[in-house]
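Q:
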Amino acid sequence: MLRRTRYRRERILLPGESEGRRSFLKWGLFGTVVLAVGGGTWLATRRTRALPGLGGPFVALSPLEATVFLSIAERLVPVRAGFPRPMDVDLPRRVDSIVAMAPEPTQGEIRQLVRLFDNALAGFLLDGQFHTFTESTIEQQDARIASWQQSRFALRRTGYKALKRLVYAAYYGSPETWPAVGYPGPPSISPAKPAEPPRPETARSSARTHPRPSAPAPRPVEETPAPRSGMDLPQEGKP
Amino acid sequence: MSELAPGRIIEAGELRRDVEETPDVCVIGSGAGGAIVAARLAARGRRVVVLEEGGYFPPDKVKMDEAWAYPTLYQERGQRATADLAITILQGRAVGGSTLVNWTTSFRTPPRVLRHWAEVYGISGLDEKALEPHFEAVEERLHIAPWPLEVVNANNRVLWEGAGRLSWDREVIRRNVLGCQNLGYCGTACPVGAKQSMDQTYLQDAVRDGARIYAHARAVRLEKSGRKVAAVQAQAIDPTTFKATGRKIVVRPRLVVLSGGAVNSPELLLRSGYDPSGRVGKRTFLHPVVASAAVFPERVDPFYGAPQSVASHQFADRGKGKVGFFLETAPVHPLLVGPSLGGFGAEHEEQMSKLAYSSALIALSIDGFLPEEDGGTVSVRSDGRVRIDYRIRPEIWEALREGNKALARVQLAAGASAVYSLHENPVVMRTEADVALLDRAPWEPLRVALFSAHAMGGCAMGRDPEKSVVDSRLKLHWLDNVFVVDGSVFPTSLGVNPQETIFGIAHWASDHIASVI
Chain S
1 MLRRTRYRRE RILLPGESEG RRSFLKWGLF GTVVLAVGGG TWLATRRTRA LPGLGGPFVA
61 LSPLEATVFL SIAERLVPVR AGFPRPMDVD LPRRVDSIVA MAPEPTQGEI RQLVRLFDNA
121 LAGFLLDGQF HTFTESTIEQ QDARIASWQQ SRFALRRTGY KALKRLVYAA YYGSPETWPA
181 VGYPGPPSIS PAKPAEPPRP ETARSSARTH PRPSAPAPRP VEETPAPRSG MDLPQEGKP
Chain Z
1 MSELAPGRII EAGELRRDVE ETPDVCVIGS GAGGAIVAAR LAARGRRVVV LEEGGYFPPD
61 KVKMDEAWAY PTLYQERGQR ATADLAITIL QGRAVGGSTL VNWTTSFRTP PRVLRHWAEV
121 YGISGLDEKA LEPHFEAVEE RLHIAPWPLE VVNANNRVLW EGAGRLSWDR EVIRRNVLGC
181 QNLGYCGTAC PVGAKQSMDQ TYLQDAVRDG ARIYAHARAV RLEKSGRKVA AVQAQAIDPT
241 TFKATGRKIV VRPRLVVLSG GAVNSPELLL RSGYDPSGRV GKRTFLHPVV ASAAVFPERV
301 DPFYGAPQSV ASHQFADRGK GKVGFFLETA PVHPLLVGPS LGGFGAEHEE QMSKLAYSSA
361 LIALSIDGFL PEEDGGTVSV RSDGRVRIDY RIRPEIWEAL REGNKALARV QLAAGASAVY
421 SLHENPVVMR TEADVALLDR APWEPLRVAL FSAHAMGGCA MGRDPEKSVV DSRLKLHWLD
481 NVFVVDGSVF PTSLGVNPQE TIFGIAHWAS DHIASVI
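Protein chains in written order, with the working numbering: chain S, 1 to 239; chain Z, 1 to 517.
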């Protein structure tokens, strides 16, 4: 059985082996075929169900896709004292809002990627796992992430990088995570712009250094600075 | 020549009807190149319209918050990267361009680079002597001066001390700031107006002299008529959704200055069907960057203080056939670092938990100088998205590996208790002897995090119209009224941070551009 799986893996993944432009197209085709075929096999009975209480509503992701992102985040940020759980920082909604900023074709690619990552047939073909990602054990989930991360096919590593970027950006962009990493947050600032120091006309700028600033106390800022007079933004241009 | 219309910054996202402008000059892009050309042409009485895709963010409108800043102030909402995601690309998109969010590092162009351009690409008239007065002028206007060593932050001090102990070249960086409070938030745009970015300096000058700057106005097409561009078609962009509002801005100028940067300038030419010799979007260089994270016994607080103030050019010239690199530092904030550190799960969390004790240094490889190097490409996909490809040559992998080793040695020499590479399986180094472990690490795409904040090339200067895009005066070879003034005209990378080279070249080019209109 193991042998047969290996054999099939080689056969199916060969198109992705080169790293050229063409292989991207073929990889996309592979994903499409897997997702299409996956719907018609017994593996299709293994489906991820959207978790209740996911947050949302979502703009770009389906509840199912958001569920998969949450499951991935649970493994990228496993339980550790002081680190909020992904759901505590509203991670599915945060990932969704990042995905929603992307051009529509990119959104489509991300959604296809996350479904392929979760898909039981893809899991079977790529990693010999018969389950969707979300219904796998923790050990199986870590193994599946690692197999994408360490794949000899650059395209799977690209997929891993896309998922990793989104999850960590959503998670560590949340102020709730800052105490865990020892980041005190932005400092308070004095809003007034300091006066320009005298500067002789003929002085070569490289011959002098900037005046020494006083180091600001690093503590979280509460208030917003007083507005500085800027240029006006009229409602409408008048050609 | 100049008309009565007052200069101002216009929020195109709020336009309620289509607009047509007929200035002398249309400048596309308001970054390091476009802003200076706009200001200098406006000062000479030319009527200037600037189109800028990004928004206008004066100091009181910015937040020291990464989750706000990257999607708001950066290209592709902070998600720009090569197509395979192997190289993350940081590039600003705002009034002021990347100068709004860069780390203020200011180097003049190394003379050996200018000599190389003259010898290999036949570029004439752009030498050290010609640029000297222009560098002096921009250094004066932008208050470019060395940062005092006494206030260099602890992360930069790691590079200073480490390089010192290894007896390597080291220097304090010159920065374009005035009244800097040493906050450490250059990358999310200066909240106190100290950074002398284009929006605070040359664009203010341009507006004073009558220039009209459209913020949230994306140039989508140049329309040709014979050997000239007759019109620039632009879309107004909604400031919240960043989608087109449906309002159009049509500019019919006598002359066009394309200053969109090394990705967006070639992109616009390609979208407009201009690529007569197949060289548009070719020879894209990135200074591909490898980073090194180190944990120290005492707090580094790398979040705070001027983010980049020390450099070492010890390995910039490594001899024939080798790619040089230079060493600098990077700010450490959670959103930037989280996706960049190697691995996932418990080990990743462990590294993140030490952020306050961490130093982040970078080695930037100097690409484009080997005869066989052709860099990356910028192209436009069939679905309309821009695409950046960059195949990392073996010589560049070698430079990245040696650069990583140099960074680890610096950090260990400065007293780091452990140094981590940014491989997916991080290489952990606790003594000098461990540095050799990097020789056995995998140097392949997506097995180690790579970055670029210096996109260059794509509309390369050169004498031969079949091998380059613009001539030595920055005019497109095959069109009579279009100049390209930004980092895209570099035929190679630089070996130093590019902003001041772009400032200097823009200041220089303004003189001869003014002479043709």
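Beta carbons: idealized from backbone N, C-alpha and C, even for Gly.
Below 8 Å between beta carbons: does that hold for S/Val-68 and S/Val-114?
A: Residue 68 of chain S sits at position 68 when you count from the first residue of the first sequence. Residue 114 of chain S sits at position 114 when you count from the first residue of the first sequence. Yes.
Q: For Z/Val-428, collect the residues of the same chain with a Cβ closer than 7 Å to its Cβ; drop the 5 residues on either side in sequence, then sort them by chain order.
A: On the second sequence, position 428 is the one that residue 428 of chain Z refers to. Ala-418 and Tyr-420, listed in sequence order.
Q: Since Z/Lys-475 is in the alpha helix (DSSP H), which residue starts that stretch and which ends it?
A: Reading the second sequence from its first residue, position 475 is the one you call residue 475 of chain Z. No alpha helix (DSSP H) contains Z/Lys-475, which DSSP labels as neither H nor E.
Q: Is there a C-beta anywhere in chain Z that falls below 8 Å from the one on S/Arg-157?
A: Along the first sequence, read from residue 1 onward, the residue named residue 157 of chain S stands at position 157. Cβ-Cβ to chain Z under 8 Å: yes for S/Arg-157.
Q: Applying the 10 Å Cβ sphere with the 16-neighbour rule, what's the burial state of Z/Arg-218?
A: Taking the first residue of the second sequence as 1, we reach residue 218 of chain Z at position 218. Buried.
Q: Residues of chain Z with CB closer than 8 Å to the CB of S/Met-101, please, in chain order.
A: Position 101 of the first sequence, counted from the start, is the residue given in the question as residue 101 of chain S. Residues of chain Z passing the Cβ test: Pro-71, Arg-77, Gln-79 and Phe-242.
Q: Near Z/Ile-396, what residues of its chain come up, given a Cβ to Cβ distance below 7 Å and the 5 sequence neighbours on each side ignored?
A: Counted from its first residue, the second sequence places residue 396 of chain Z at position 396. Closer than 7 Å at the Cβ level, and outside the excluded window around Z/Ile-396, lie Pro-288, Val-323, Ser-365 and Asp-367.
Q: Below 7 Å CB to CB, which residues in the same chain sit around Z/Glu-128 once its five sequence neighbours on both sides are set aside?
A: Taking the second sequence and counting its residues from 1, one reaches residue 128 of chain Z at position 128. Pro-111 and Leu-114.
Q: Please list the partners that Z/Gly-345 has in chain S, where partner means a Cβ-to-Cβ separation under 7 Å.
A: Position 345 of the second sequence, counted from the first residue, corresponds to residue 345 of chain Z. Within chain S, the residues near Z/Gly-345 are Arg-75, Leu-76, Pro-78 and Asp-142.
Q: For the pair the segment 457-468 of chain Z and the segment 325-341 of chain Z, tell me if three or more CB-CB distances fall below 8 Å.
A: Touching, no, given that fewer than three Cβ pairs across the two stretches are closer than 8 Å.
Q: Within the 8 Å Cβ cut-off, does S/Trp-178 reach chain Z?
A: Counted from its first residue, the first sequence places residue 178 of chain S at position 178. Output row for S/Trp-178: interface = yes.
Q: According to DSSP, is Z/Ser-358 helix, strand or coil?
A: Start at 1 with the first residue of the second sequence, and residue 358 of chain Z comes out as number 358. Of the three classes helix, strand and coil, the one that applies to Z/Ser-358 here is strand, per DSSP.
Q: What would DSSP say about Z/Cys-26, mapped onto helix, strand or coil?
A: On the second sequence, position 26 is the one that residue 26 of chain Z refers to. In the structure shown, Z/Cys-26 sits in a strand (DSSP, three-state: E or B).
Q: Consider the C-beta atom of Z/Arg-387 and the heavy atoms of the ligand GDP; say whether any pair is separated by less than 7 Å.
A: With respect to the ligand GDP, the structure offers nothing, as it holds no ligand at all.
Q: Can you tell me whether S/Ile-138 is buried or exposed, with buried defined as 16 or more other CB within 10 angstroms of its CB?
A: What you label residue 138 of chain S is simply residue 138 of the first sequence in a count that begins at 1. Under this definition S/Ile-138 is an exposed residue.
Q: Going by the DSSP bridge assignment, what does Z/Thr-88 pair with across the sheet?
A: Taking the second sequence and counting its residues from 1, the one referred to as residue 88 of chain Z is at position 88. Answer is Z/Ala-81 and Z/Phe-451, bridged to Z/Thr-88.
Q: Answer with buried or exposed for Z/Ala-509, where buried requires no fewer than 16 other C-beta atoms within 10 angstroms of its C-beta.
A: As a working mapping, residue 509 of chain Z is identified with position 509 in the second sequence. With 16 or more other Cβ atoms within 10 Å, it is buried.
Q: Decide yes or no for the touch test of the segment 488-501 of chain Z against the segment 95-112 of chain Z: beta carbon pairs closer than 8 Å, at least 3 of them.
A: Counting Cβ pairs under 8 Å, three or more are found: they touch.
Q: Using CA atoms only, rank isn't needed, just tell me which of S/Pro-213, S/Glu-65, S/Phe-58 and S/Arg-75 is closest to S/Gln-140.
A: Counting from 1 along the first sequence, the entry for residue 140 of chain S is found at position 140. When each option's Cα is compared against that of S/Gln-140, the closest is S/Arg-75.
Q: Mind the definition here: the segment 300-318 of chain Z touches the segment 369-383 of chain Z only if three or more C-beta pairs lie below 8 Å; say whether that holds.
A: The segment 300-318 of chain Z is not in contact with the segment 369-383 of chain Z.
Q: What residues in its chain sit with their C-beta under 7 Å from that of Z/Trp-597, if we drop five residues either side in the sequence?
A: With chain Z covering 1 to 517 only, the question about residue 597 of chain Z has no answer from this structure.
Q: Suppose contacts are defined by Cβ-Cβ distances below 8 Å. Is Z/Ser-259 in contact with Z/Val-27 by that definition?
A: Along the second sequence, one-based indexing puts residue 259 of chain Z at 259. Along the second sequence, one-based indexing puts residue 27 of chain Z at 27. A contact, by the Cβ cut-off of 8 Å.
Q: Buried or exposed: Z/Ala-546, going by 16 or more other Cβ atoms within 10 Å of its Cβ?
A: Nothing about residue 546 of chain Z can be read from this structure; chain Z reaches only from 1 to 517.
Q: Grab the span of the alpha helix (DSSP H) containing Z/Val-207 for me, first residue to last.
A: Here residue 207 of chain Z refers to the residue found at position 207 when the second sequence is read from its first residue. Looking at the DSSP string, the run of the alpha helix (DSSP H) that includes Z/Val-207 is 202-208.
Q: Would you say the segment 252-267 of chain Z touches the segment 473-488 of chain Z, given that touching needs at least three Cβ pairs under 8 Å?
A: Short answer: they touch.
Q: Can you check the segment 220-283 of chain Z for any beta strand (DSSP E) of at least 3 residues that lies completely inside it and give the ranges in chain order?
A: List check, beta strand (DSSP E) in window: 228-237, 244-251 and 255-258.
Q: My output table needs one value for S/Glu-236: the three-state DSSP class, helix, strand or coil.
A: Locating residue 236 of chain S in the first sequence gives position 236, counting from the first residue. Unreliable positioning characterises S/Glu-236 in this predicted model, as indicated by a pLDDT of 37, which lies under 50. The coordinate reading is nonetheless provided below. The answer is coil: DSSP assigns S/Glu-236 none of H, G, I, E or B.
Q: Measuring alpha carbon to alpha carbon, tell me which residue in Z/Ala-514, Z/Ala-453 and Z/His-477 is nearest Z/Asn-102.
A: On the second sequence, residue 102 of chain Z is found 102 positions in, with the first residue counted as 1. Minimum Cα distance to Z/Asn-102 is reached at Z/Ala-453.
Q: Are Z/Ala-215 and Z/Gly-78 touching if we call contact CB-CB under 8 Å?
A: For the purposes of this step, residue 215 of chain Z is taken as the residue at position 215 of the second sequence. For the purposes of this step, residue 78 of chain Z is taken as the residue at position 78 of the second sequence. It is not a contact, given that the beta carbons lie outside the stated cut-off.
Q: Based on the DSSP output, what are the partners of Z/Val-326 in its beta bridges?
A: Counting from 1 along the second sequence, the entry for residue 326 of chain Z is found at position 326. Residue 326 of chain Z is actually Phe in this sequence, not Val. DSSP, once it has assigned bridges, lists Z/Leu-364 as partnering Z/Phe-326.
Q: Tell me the DSSP secondary structure of Z/Asn-176 in three-state form.
A: Counted from its first residue, the second sequence places residue 176 of chain Z at position 176. DSSP places Z/Asn-176 in strand when its eight states are reduced to three.
Q: With a CB to CB cut of under 8 Å and the five nearest residues on each side skipped, what residues in its chain are close to Z/Ala-416?
A: Along the second sequence, read from residue 1 onward, the residue named residue 416 of chain Z stands at position 416. Counting only Cβ-Cβ distances below 8 Å, and skipping sequence neighbours, we find Val-158, Ala-294, Val-295, Phe-296 and Ser-359.
Q: Would the beta-carbon of Z/Thr-22 fall within 8 Å of that of Z/Arg-221?
A: Your numbering for residue 22 of chain Z matches position 22 in the second sequence. Your numbering for residue 221 of chain Z matches position 221 in the second sequence. No; because the gap between Cβ atoms is not below 8 Å, this pair is not in contact.
Q: Inspect the CB distances between the segment 427-442 of chain Z and the segment 236-250 of chain Z and report whether three or more fall short of 8 Å.
A: Counting Cβ pairs under 8 Å, fewer than three are found: no touch.
Q: Of all the beta strand (DSSP E) runs that stay within the bounds of the segment 82-150 of chain Z, which reach a length of 3 or more residues?
A: Fully enclosed beta strand (DSSP E) runs of 3 or longer: 87-89 and 144-146.
Q: Does the distance from the C-beta atom of Z/Ala-83 to that of Z/Asp-301 stay below 8 Å?
A: Residue 83 of chain Z sits at position 83 when you count from the first residue of the second sequence. Residue 301 of chain Z sits at position 301 when you count from the first residue of the second sequence. The answer is no: Cβ separation not under 8 Å.
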